[in-house]
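A.B. asks:
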Amino acid sequence: MVDGRWVFVSGTTGFDYATMTLASSVVEQTEQCFKNIEAALAEAGATLADVVRVHYILPDPSEFEACWPVLNRYFGEVRPAATMFSANLLDSRMRIEIEVTALKRGS
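So the sequence shown is numbered by the working numbering: it starts at 24 and just counts up by one.
(1) For Val74, is the classification buried or exposed, using 16 other Cβ atoms within 10 angstroms of its Cβ as the cut-off for buried?
(2) Decide if Thr184 is buried, meaning its Cβ has at least 16 other Cβ atoms within 10 Å, or exposed.
(3) Just curious, the beta strand (DSSP E) that Glu122 is in, first and last residue?
(4) According to DSSP, is Gly79 part of a helix, a strand, or is it coil?
(5) Which residues does DSSP pair with Ser48 in a beta bridge?
(6) Between the stretch 83-92 and the stretch 30-47, do three or more beta carbon pairs fall short of 8 Å?
(7) Taking 8 Å as the threshold (C-beta atoms), are Val101 and Ala69 in contact?
(8) Provide the residue span of the beta strand (DSSP E) that contains Val101, from first to last.
(9) May I ask you to list the residues that DSSP assigns as paired with Phe38?
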């Protein structure tokens, strides 16, 4: 959803729409989440560098630490405000869901 310079990407899971599959590991799902988020942001004229807030939702919060290398690779120097929630997800195979808020740079 886009509102002016604001971009809201919600409910992003690790589902791979190209192959119609969902990997079993939280790390692989996190990787796919970021690919899906990048695609959504690009459609809105934004990038991960524009992300100002991120929410991570995991059924098992102990799995979050394994995701850090993926988060660091995709966000690099970007340090959005972040919150991690523990909650059941729509499909029991889902290990993580990510939503971001971005503020497009420039005019």
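Cβ atoms here follow ideal geometry from the backbone N, Cα and C, with glycine treated the same way. Predicted model only: the values in this text are computed from it and were never measured.
C.D. replies: Working from what's here:
(1) buried
(2) Look at the range of the chain in this structure, 24 to 130, and you will see that residue 184 is not part of it.
(3) 120-126
(4) Rather than Gly, the amino acid found at residue 79 in this sequence is Tyr. Strand.
(5) Answer by DSSP bridge pairing: none, since Ser48 is not bridged.
(6) no
(7) no
(8) Counting along the chain, Val101 falls outside any beta strand (DSSP E), and DSSP gives it neither H nor E.
(9) Leu45
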